[in-house]
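>
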Amino acid sequence: MTSRLLMSYNAQTRRAGVPAREPAGVAGSTRATAILDHDDPLVGALARRVLSEATPRDALRTAHRIIARDVRPVYSVEDRRRVSRTLRLRRGSCSQRMAALEAVARAVRVRTRVRGLLVDGSFWYPRFPRLKPFVPEQVLLAWPEFRISGAWLPIGDLFDAPARSGDGFSNRGGETLFDAIARTGVQWDACGAAPGAVCDLSAQVVADLGHFDDRDELFARHGQTLCRTARTLGEPVLGRWSAGAARPTA
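The opening residue of the sequence shown carries number 0 in numbering that gives the first Met the number 0; numbering runs sequentially from there.
1. Return helix, strand or coil for Ile147, following the three-state DSSP convention.
2. Please state whether the Cβ-Cβ distance between Pro55 and Leu100 is less than 8 Å.
3. Does Ala242 come out as helix, strand or coil in the three-state DSSP assignment?
4. Can you give the Cα-Cα distance for Leu232 and Cys226, rounded to whole angstroms?
5. Assuming Arg105 contacts Leu35 under a Cβ cut-off of 8 Å, what Cβ separation, rounded to an integer in Å, is found between them?
6. Is Leu45 helix, strand or coil by DSSP?
7. Indicate the three-state DSSP secondary structure (helix, strand or coil) for Ala219 in the structure shown.
8. Is it right to say Thr228 is buried, meaning 16 or more other beta carbons lie within 10 angstroms of its own, or is it exposed?
9. With DSSP as the reference, identify every bridge partner of Ser226, one or two as the case may be.
10. Hey, quick one: how far does the alpha helix (DSSP H) through Phe309 stretch, first residue to last?
11. How about Ala229: is its Cβ closer than 7 Å to a heavy atom in the ligand SAM?
12. Are Ala67 and Phe145 close, meaning C-beta to C-beta below 8 Å?
13. When you compare only the Cα positions, how much space is there between Arg30 and Ala46?
14. Quick check: Leu41 and Ser94, are their CB atoms within less than 8 Å of each other?
15. Between Arg114 and His210, which are expected to be in contact by the criterion C-beta below 8 Å, what is the C-beta distance as a whole number of angstroms?
16. Does DSSP classify His37 as helix, strand or coil?
17. By DSSP's criteria, Ser28 is part of a beta bridge. Which residues make up the other side?
18. Leaving out five residues on either side along the sequence, give the residues of the same chain with a beta carbon under 6 Å from the beta carbon of Val61.
19. Apart from the five residues just before and just after Ser241, which ones in its own chain have a Cβ nearer than 7 Å to its Cβ?
20. Quick one: what does DSSP say Phe158 is sitting in, helix, strand or coil?
21. Could you check what DSSP says for Val236 in three-state terms: helix, strand or coil?
22. Ile65 to Gly238, Cα distance in whole Å?
23. Would you decide whether Asp39 is buried or exposed? Buried here means 16 or more other CB atoms lie within 10 Å of its CB.
24. Can you name, in chain order, every residue of its own chain whose Cβ lies under 8 Å from the Cβ of Val76, other than the five neighbours on each side?
25. Quickly, what does DSSP pair Gly184 with across the bridge? List them, please.
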């Protein structure tokens, strides 16, 4: 049995039958938001490091590598944390590190949007084998997309790195979902690709909430996965717990 008591009210009242927002009507933006604060000098400095790349896609790949190297992966539960704070702390969750990439994209004039996905909490069991009762029943994931060459490119397709058979993403150990996209294509839809061509995680999706102009809008409408009390109590520990570590670190 997984935890529902720790989930926010919005998270508990989501239903798979709620119509998803059609992607054609969601244009995204390059504006700064409360989370994607690319007007902060620290975010701007990171964006300037990738401006010399030949194409916007190359710039995002380079930014991803910098974030993966410089921002330590942890289990932070504050999805609405400002990107500038994540960069200053030099640690962040998958959600926070993906937000950092979105902010850099917007800073270099690449429009972004997110797709809201409800993912089965059991997907995270390999990371917390002794804490399964405390893992939320459903986890809200903001999956970024970037407007490049007139088309929307999901973050899982950024690197053109198809998985070898049996070499997908296991959600265990030190490799996080953010890190994995540089090694293997990650999709949340069963698209009819040949077996082993991509890492297909569609079986983990409980509901597709549709597309949103930014993650601020997604979290404002659907709330974060955990309630405020759970985030307040859990963040001091989870926010320093390195991905793959057996126990929290200082």
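Each residue gets a CB set at the ideal place from its N, CA and C atoms; glycine is no exception.
Once the coordinates are examined:
1. Along the sequence shown, read from residue 1 onward, the residue named residue 147 stands at position 148. For Ile147, the secondary structure class from DSSP, reduced to helix, strand or coil, is strand.
2. Position 56 of the sequence shown holds residue 55. Position 101 of the sequence shown holds residue 100. Remark: C-beta atoms of Pro55 and Leu100 do not approach each other more closely than 8 Å.
3. Position 243 of the sequence shown holds residue 242. In the structure shown, Ala242 sits in coil (DSSP, three-state: anything other than H, G, I, E or B).
4. Working through the sequence shown from its first residue, we reach residue 232 at position 233. Working through the sequence shown from its first residue, we reach residue 226 at position 227. Their backbone Cα atoms lie some 10 Å apart in a straight line.
5. Within the sequence shown, residue 105 is the residue found at index 106, counting from 1. Within the sequence shown, residue 35 is the residue found at index 36, counting from 1. About 6 Å separates the beta carbon of Arg105 from that of Leu35, a gap short enough to meet the 8 Å contact definition.
6. What you label residue 45 is simply residue 46 of the sequence shown in a count that begins at 1. The three-state reading of DSSP puts Leu45 in helix, counting H, G and I together.
7. The residue given as residue 219 occupies position 220 in the sequence shown. Looking at Ala219 - three-state DSSP - the assignment turns out to be helix.
8. The sequence position of residue 228 within the sequence shown is 229, counting from 1. So Thr228 counts as exposed.
9. Along the sequence shown, read from residue 1 onward, the residue named residue 226 stands at position 227. For the record, residue 226 in the displayed sequence is Cys; it is not Ser. Bridge pairing for Cys226: absent [DSSP].
10. There is simply no residue 309 to check, as the chain begins at 0 and stops at 249 in what is shown.
11. Inclusion of the ligand SAM in the displayed structure is not the case, the ligand content being empty and no account of it being possible.
12. By 1-based counting over the sequence shown, the position of residue 67 is 68. By 1-based counting over the sequence shown, the position of residue 145 is 146. By the CB criterion at 8 Å, Ala67 and Phe145 fall outside the cutoff.
13. Your numbering for residue 30 matches position 31 in the sequence shown. Your numbering for residue 46 matches position 47 in the sequence shown. The straight-line gap separating the alpha-carbon atoms of Arg30 and Ala46 is approximately 14 Å.
14. For the purposes of this step, residue 41 is identified with residue 42 of the sequence shown, where counting begins at 1. For the purposes of this step, residue 94 is identified with residue 95 of the sequence shown, where counting begins at 1. Not in contact: Leu41 and Ser94 (Cβ atoms no closer than 8 Å).
15. Against the sequence shown, residue 114 aligns to sequence position 115. Against the sequence shown, residue 210 aligns to sequence position 211. Yes, they are in contact, since the Cβ atoms of Arg114 and His210 sit about 5 Å apart, within 8 Å.
16. Against the sequence shown, residue 37 aligns to sequence position 38. DSSP places His37 outside both helix and strand once states are collapsed to three, so it counts as coil.
17. As a first step, residue 28 is located in the sequence shown; it is residue number 29 there, counting from the start. According to DSSP, residue pairing for Ser28 in a beta bridge involves Thr111.
18. Indexing the sequence shown from 1 puts residue 61 at position 62. Reading off the sequence, residue 61 comes out as Thr, not Val. Here Thr61 has Val49 and Glu52 as same chain residues with Cβ atoms under 6 Å from its own Cβ, once five neighbours each way along the sequence are excluded.
19. Here residue 241 corresponds to residue number 242 of the sequence shown, with the count starting at 1. Exclusion of the five residues before and after Ser241 leaves Arg71, Pro72, Val73 and Thr248 as the residues of its chain whose Cβ lies within less than 7 Å of its Cβ.
20. Reading the sequence shown from its first residue, position 159 is the one you call residue 158. Three-state DSSP puts Phe158 in coil, outside helix and strand.
21. Stepping through the sequence shown from its first residue, residue 236 is reached at position 237. When secondary structure is reduced to three states using DSSP, Val236 falls in the helix class.
22. As a first step, residue 65 must be located in the sequence shown, where it is residue number 66. As a first step, residue 238 must be located in the sequence shown, where it is residue number 239. As the crow flies, the alpha-carbon of Ile65 is around 20 Å from that of Gly238.
23. Locating residue 39 in the sequence shown gives position 40, counting from the first residue. Per the 10 Å Cβ criterion, buried.
24. Sequence index remark: in the sequence shown, residue 76 carries index 77 (1-based). Ser92, Gln223, Thr224, Leu225, Ala229, Arg230, Gly233, Glu234, Leu237 and Gly238, listed in sequence order.
25. Taking the sequence shown and counting its residues from 1, the one referred to as residue 184 is at position 185. Looking at the DSSP output, Gly184 shares a beta bridge with no other residue.
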